[in-house]
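**Student:** Just so you know, the sequences run in chain order F and W.
Residue numbers for the first sequence follow our numbering, so the first one is 1271 and each next one is one higher.
Residue numbers for the second sequence follow our numbering, so the first one is 23 and each next one is one higher.
Quick reminder that beta carbons are idealized off the backbone N, C-alpha and C, glycines included.
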Amino acid sequence: RFSQRVREVAGRLLASEASVHVLVFGMEGRLPPNSELVQAVLRLFQQPVPKAALRRLSPYSARARVTVQWLRVREDSSNSTYLVDSRLVSLHESGWKAFDVTEAVNFWRQLSRPGQPLLLQVSVQREHLGPRASDAHKLVHFASQGRGVTGQAEPQLELHSLDLGAYGSQGDCDPGVPVVEGARCCRQEMYIDLRGMTWAQHWVLEPPGFLAYECVGACRQPPGPLPFVGPLLGPRQCVASEMTSLPVIVSVKEGGRPRPQVVSLPNMRVEKCSCSWDGAPVPRKLGP
Amino acid sequence: LTGEQVLASLLQQLGLREAPILDQRDAEEVATSAHVRAQYVALLQRSHGARSRGK
Chain F
1271 RFSQRVREVA
1281 GRLLASEASV
1291 HVLVFGMEGR
1301 LPPNSELVQA
1311 VLRLFQQPVP
1321 KAALRRLSPY
1331 SARARVTVQW
1341 LRVREDSSNS
1351 TYLVDSRLVS
1361 LHESGWKAFD
1371 VTEAVNFWRQ
1381 LSRPGQPLLL
1391 QVSVQREHLG
1401 PRASDAHKLV
1411 HFASQGRGVT
1421 GQAEPQLELH
1431 SLDLGAYGSQ
1441 GDCDPGVPVV
1451 EGARCCRQEM
1461 YIDLRGMTWA
1471 QHWVLEPPGF
1481 LAYECVGACR
1491 QPPGPLPFVG
1501 PLLGPRQCVA
1511 SEMTSLPVIV
1521 SVKEGGRPRP
1531 QVVSLPNMRV
1541 EKCSCSWDGA
1551 PVPRKLGP
Chain W
23 LTGEQVLASL
33 LQQLGLREAP
43 ILDQRDAEEV
53 ATSAHVRAQY
63 VALLQRSHGA
73 RSRGK
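#1: Measuring alpha carbon to alpha carbon, tell me which residue in F:Glu1306, F:Leu1314, F:Trp1547 is nearest Val1292 (chain F).
#2: By a C-beta neighbour count over all protein chains shown, 10 Å radius and 16 as the cutoff for buried, is Gly1438 (chain F) buried or exposed?
#3: Cα separation between Gln1380 (chain F) and Arg1342 (chain F)?
#4: At a CB-CB cut-off below 9 Å, which residues of chain F make contact with Ala56 (chain W)?
#5: Pull up the distance between the alpha-carbon of Leu1312 (chain F) and that of Leu1535 (chain F), whole angstroms please.
#6: With three or more C-beta pairs closer than 8 Å as the rule, is the segment 38-58 of chain W touching the segment 1543-1555 of chain F?
#7: For Met1297 (chain F), which residues in chain W fall below 9 Å Cβ to Cβ?
#8: Any beta-carbon of chain W closer than 8 Å to the one on Ser1515 (chain F)?
#9: Would Phe1377 (chain F) and Asp1355 (chain F) qualify as a contact pair, given that the criterion is a beta-carbon distance under 8 Å?
#10: Would DSSP call Asn1537 (chain F) helix, strand or coil?
#11: Check each residue of the segment 23-48 of chain W: if its Cβ is closer than 7 Å to any Cβ of chain F, include it; give the result in chain order.
#12: For Arg1490 (chain F), collect the residues of the same chain with a Cβ closer than 8 Å to its Cβ; drop the 5 residues on either side in sequence, then sort them by chain order.
#13: Using a Cβ-Cβ cut-off of 8 Å (strictly less than) and excluding sequence neighbours within five positions of Trp1473 (chain F), which residues of its own chain qualify?
#14: From the DSSP output, which residues share a beta bridge with Ala1510 (chain F)?
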């Protein structure tokens, strides 16, 4: 604007600021040790929009986008956000709205700082950008935490967890006890004898064999449907949740002469068996 | 895990299509040097530490 040489360029505001709230949930003691988080649900109470304002809305713009992000605050007080859920809400429908924040709680757990609260950043934005975008989103208000809010309408964090003492695996099977039908998921010894394999003869020098283990037994199924669990999840099964590689020394011929070579074979040995839902998403790993 | 799966993994790691056929003389001729054994032991120890996520 103030340059003699450059002509001023004026723009028209298309996008409006999002209203952003940061919710704070104390988490100490919320998730018992030796428990698996199945789901975490954030419930927000959307306050009704005054009828007069509703009448002024055009039918094309009676929705707003609500986005929930996990807010991570580091030691050096820098912060970053991770998107965990986002969906459209209608201005015509007030009441409780549920958001899946399981990933946020998984991230929080990875911090291993139980004293630190869970911070959830909720932003309400226009449904979409563009010339026909409206300001309807400014009419969306959720009851917030703290002062002036009746207890009933405060944001709620619902945690669904499973006691692994009852729904998890039992570790290693008891070698002395045969695994019978319906026995609880456990890791059983299984030896792979490489010496007994014709293809390995004179080729595999080490090891002569190894304990690969296998996961056997059944998993107890938790009761009843959960809010967000869709048809995609199968029953809980006893699976290998941690595996390790196996180094092998083989004989390789070079120039007609055999020489030893070390090779590492991934995912050859079961380190841990767990009960896990078939189809459950694998939690994202938190970066540095 | 089966023997066939171990073989498949070995062939994949070595970029081979099938297991080589070696005879007794080859087996007697090959000597595992201290360097190779040390490499093997180091991998063995590391493998017990580094756990990968199962399927």
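**Tutor:** From the atom records:
#1: Of the listed residues, the one whose Cα sits closest to Val1292 (chain F) is F:Leu1314.
#2: Around the beta carbon of Gly1438 (chain F), 16 or more other beta carbons sit within 10 angstroms, so the residue counts as buried.
#3: If I take the Cα positions, the gap works out to 11 Å.
#4: Below the 9 Å Cβ cutoff, chain F contributes no neighbours of Ala56 (chain W), its closest Cβ being approximately 11 Å away.
#5: Cα to Cα, the separation comes out at about 43 Å.
#6: Contact between the segment 1543-1555 of chain F and the segment 38-58 of chain W is absent: fewer than 3 CB-CB pairs across the two stretches fall below 8 Å.
#7: Ordered by position in chain W, no residue passes the 9 Å Cβ test against Met1297 (chain F), which lies about 25 Å from the chain.
#8: Yes, contact with chain W.
#9: Judged by their CB atoms, Phe1377 (chain F) and Asp1355 (chain F) are not nearer to each other than the 8 Å cut-off.
#10: Annotated three-state conformation of Asn1537 (chain F) is strand, per DSSP.
#11: If the cut-off is 7 Å between Cβ atoms, the segment 23-48 of chain W has Leu23, Gly25, Val28, Leu29, Ser31, Leu32, Gln35, Leu36, Ala41, Pro42, Leu44, Asp45, Gln46, Asp48 near chain F.
#12: The beta carbon of Arg1490 (chain F) sits closer than 8 Å to the beta carbons of Ala1436, Tyr1437, Arg1454, Arg1506, Cys1545 from its chain, once the five residues preceding and following it are set aside; these are given in chain order.
#13: Cβ within range, chain order: Val1520, Ser1521.
#14: The bridge partners DSSP lists for Ala1510 (chain F) are F:Cys1543.
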